[in-house]
């Protein structure tokens, strides 16, 4: 890492994954920075109100300031106002977990969720809001990749990595590019992408892209997820029309979001310059 800003952001991103806090030595090891430098950065972040020390000589944690900024941005950009009622309605119909991910540059980010499973087994993603979606192992990632040419999809995978190196990854996560391309072709054919025992063992999910006003650029992906024993292939086929209808509704409602509107304008400008 070459700049102070890059080093600071690396620390903030690490602490975002550890809400109970981390010791200075652990932060230094995980971000590959010297302990003295990490300590100085943490002191400056604390002065600015972004981190705090739990107790003298104790772990450092993020303050609520950063999450509050993120939530405030989502609200002012109109993302949650536009999306949440549609997600909530789909959660009621499907009785499973609904998640919306949005395209942010060359990444796909989980931003909103609605839980429809009230009893029994249920999948609860916990701290995944704001997390970059792993494209190859998730239904949302594959739904997005399926809207691209195989060449563009492989370029995304090359940048992020095919295999998700994380505890709990399911045994059916694609292990070769050939297997992934086969899954993308299947997603295009059936109209939705599927991930079963892939992103997480025992979890199943299906997803479709969300397009601006149905036929415009891809804004993100909408997914339904739940325990694989309940969200079977037959259940997915039955839920597919509801999922597609909700995605179409989101695409139409996106015109009311400053964030989505700006993304579409940026996409159109890029197309004009490139074309």
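Residue numbers (the working numbering): 386 to 660.
Ideal placement from N, C-alpha and C gives every residue a C-beta, glycine not left out.
None of these values were measured; they are calculated from a predicted model.
- In this model, residue 402 and residue 447 are separated by some 10 Å (Cα to Cα).
- Rounded to the nearest angstrom, the gap between the Cα atoms of residue 484 and residue 442 is 39 Å.
- In summary, residue 426 is buried, with 16 or more beta-carbon neighbours lying within 10 Å of its beta-carbon over all protein chains present.
- Counting along the chain, no beta strand (DSSP E) covers residue 626; the unbroken alpha helix (DSSP H) around it starts and ends at 618 to 638.
- In the three-state scheme derived from DSSP, where H, G and I count as helix and E and B as strand, residue 497 is classed as strand.
- Between the alpha carbons of residue 540 and residue 431 lies a gap of roughly 39 Å.
- Annotated three-state conformation of residue 546 is coil, per DSSP.
- 609 is the residue among 609, 617, 615, 619 whose C-alpha sits nearest the C-alpha of residue 477.
- Burial state of residue 527 is buried, judged by a 10 Å Cβ sphere holding 16 or more other Cβ atoms.
- Here the C-alpha atom of residue 602 lies approximately 49 Å from the C-alpha atom of residue 440.
- Rounded to whole angstroms, the separation of the alpha carbons of residue 558 and residue 389 is 37 Å.
- If the five residues before and after residue 420 are omitted, its C-beta is found closer than 8 Å to the C-beta atoms of 409, 410, 413, all from its own chain and listed in chain order.
- Between the C-alpha atoms of residue 621 and residue 436 there is a straight-line separation of about 43 Å.
- For residue 431, there is no enclosing beta strand (DSSP E); the residue is part of the alpha helix (DSSP H) that begins and ends at 420 to 432.
- Assignment of residue 412 by DSSP, reduced to helix, strand and coil, places it in the helix class.
- C-alpha of residue 632 to C-alpha of residue 597: approximately 10 Å in a straight line.
- Residue 634 counts as buried, since no fewer than 16 other beta carbons sit within 10 angstroms of its beta carbon.
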